[in-house]
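S.K.:
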Amino acid sequence: MQDVMEFLRGRRTYRRFLPKPVPEEVLRDALEAARIASCGANRQTLKYVLVQTPSVVAEMNRLVRWAAFLPPEQGQPKAGETPTAFIAVFQDESLPGVNDTDAGLALGSLTAAAWGHGVGSCIMGAIDRPAIKTLLGLDKQERLRLHSVVALGYPAHHSRVVPMQGDDVRYYLDENRDYCVPKRAMKEILLGEF
Ligand SMILES: Cc1cc2nc3c(=O)[nH]c(=O)nc-3n(C[C@H](O)[C@H](O)[C@H](O)COP(=O)(O)O)c2cc1C
Numbered sequence: 013m014q015d016v017m018e019f020l021r022g023r024r025t026y027r028r029f030l031p032k033p034v035p036e037e038v039l040r041d042a043l044e045a046a047r048i049a050s051c052g053a054n055r056q057t058l059k060y061v062l063v064q065t066p067s068v069v070a071e072m073n074r075l076v077r078w079a080a081f082l083p084p085e086q087g088q089p090k091a092g093e094t095p096t097a098f099i100a101v102f103q104d105e106s107l108p109g110v111n112d113t114d115a116g117l118a119l120g121s122l123t124a125a126a127w128g129h130g131v132g133s134c135i136m137g138a139i140d141r142p143a144i145k146t147l148l149g150l151d152k153q154e155r156l157r158l159h160s161v162v163a164l165g166y167p168a169h170h171s172r173v174v175p176m177q178g179d180d181v182r183y184y185l186d187e188n189r190d191y192c193v194p195k196r197a198m199k200e201i202l203l204g205e206f
């Protein structure tokens with residue numbers, strides 16, 4: 013088991029993948045991690061759809077928007093680089109206590125469990141919600157709000173945290189097409205110590 017801080021530094025967003033399927037047991041672990049995540053009052057309002065059939069994964073990929081800070085030729089995975097699975101995350105609004113903090117915690121656990129197996133992910137909110145609900149046969153289920161989808165696959169690039177220049181939050185690619193992700197310095201975010 014690698015050092016937990018090293019693990020978290022590597023658990024970045026990945027947007028280009030190897031054409032190698034994610035094993036079933038890895039996807040099950042990711043879902044299990046989401047299932048047991050902490051949530052307000054233990055209400056458990058989240059539901060999931062697993063997509064790993066190649067034709068449906070390809071359809072999903074057409075309904076998501078990659079890397080808004082990059083031109084498409086840099087940020088969008090090309091044929092042979094696309095994710096090999098997606099997990100769609102729904103909030104069941106027929107249950108009390110739906111909130112976005114719970115979704116965030118579940119997404120954090122899900123993507124960490126995948127990364128524990130070397131599987132990279134991209135949490136995606138810039139998605140065509142109505143079209144994805146239709147694709148997944150859930151368009152008539154008004155109680156289900158599509159929160160986000162997670163793209164999954166074995167990474168075909170590296171990604172590293174870099175110091176932020178000024179206030180520029182935009183990630184970029186280096187000369188090897190690896191992602192550089194600026195994060196604010198500790199002295200900027202730690203407001204006090206008592
Ligand atoms: C709620 C949320 C929605 C996101 N939506 C998208 C998206 O639609 N498309 C995309 O390419 N990346 C998306 N991302 C990935 C972010 O751009 C990424 O987390 C950010 O640039 C920081 O990179 P890092 O995850 O490696 O720290 C999303 C991330 C989060 C947490």
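The opening residue of the sequence shown carries number 13 in my numbering; numbering runs sequentially from there. From the three backbone atoms N, C-alpha and C, an ideal C-beta is built for every residue, glycine too.
What is the rounded straight-line gap between the Cα of V61 and the Cα of R189?
M.R.: Approximately 31 Å, taken between the alpha carbons.
S.K.: Please determine whether the Cβ atom of I214 lies at a distance below 7 Å from any heavy atom of ligand 1.
M.R.: The chain is shown from 13 up to 206; residue 214 falls before or after that span and cannot be answered.
S.K.: Could you pull the start and end residues of the alpha helix (DSSP H) that S67 belongs to?
M.R.: It spans 66–73 - the alpha helix (DSSP H) in which S67 sits, taken as one unbroken run.
S.K.: Which term fits L30, buried or exposed, when burial requires 16 or more other beta carbons within 10 angstroms of its beta carbon?
M.R.: Looking at its Cβ environment, which holds fewer than 16 other Cβ atoms inside 10 Å, L30 is exposed.
S.K.: Tell me the DSSP secondary structure of M208 in three-state form.
M.R.: An answer regarding residue 208 cannot be provided, because it is not within the stretch 13 to 206 covered by the chain.
S.K.: Are the beta-carbon atoms of L58 and F102 separated by less than 8 Å?
M.R.: In this structure, F102 lies closer than 8 Å to L58 by Cβ.
S.K.: So, does the segment 183–198 touch the segment 165–175, judging by three or more C-beta pairs under 8 Å?
M.R.: Short answer: they touch.
S.K.: Under three-state DSSP, which class holds K145?
M.R.: In the structure shown, K145 sits in a helix (DSSP, three-state: H, G or I).
S.K.: From which residue to which residue does the beta strand (DSSP E) around R157 run?
M.R.: Run containing R157: 156–165, per the beta strand (DSSP E) assignment.
S.K.: Compute every distance between the C-beta of V193 and the non-hydrogen atoms of ligand 1, then say whether any falls below 7 Å.
M.R.: V193: yes, Cβ under 7 Å from ligand 1.
S.K.: Would you call the segment 148–158 and the segment 95–115 touching, i.e. three or more CB-CB distances under 8 Å?
M.R.: In short, these stretches touch, since the Cβ pair count reaches three.
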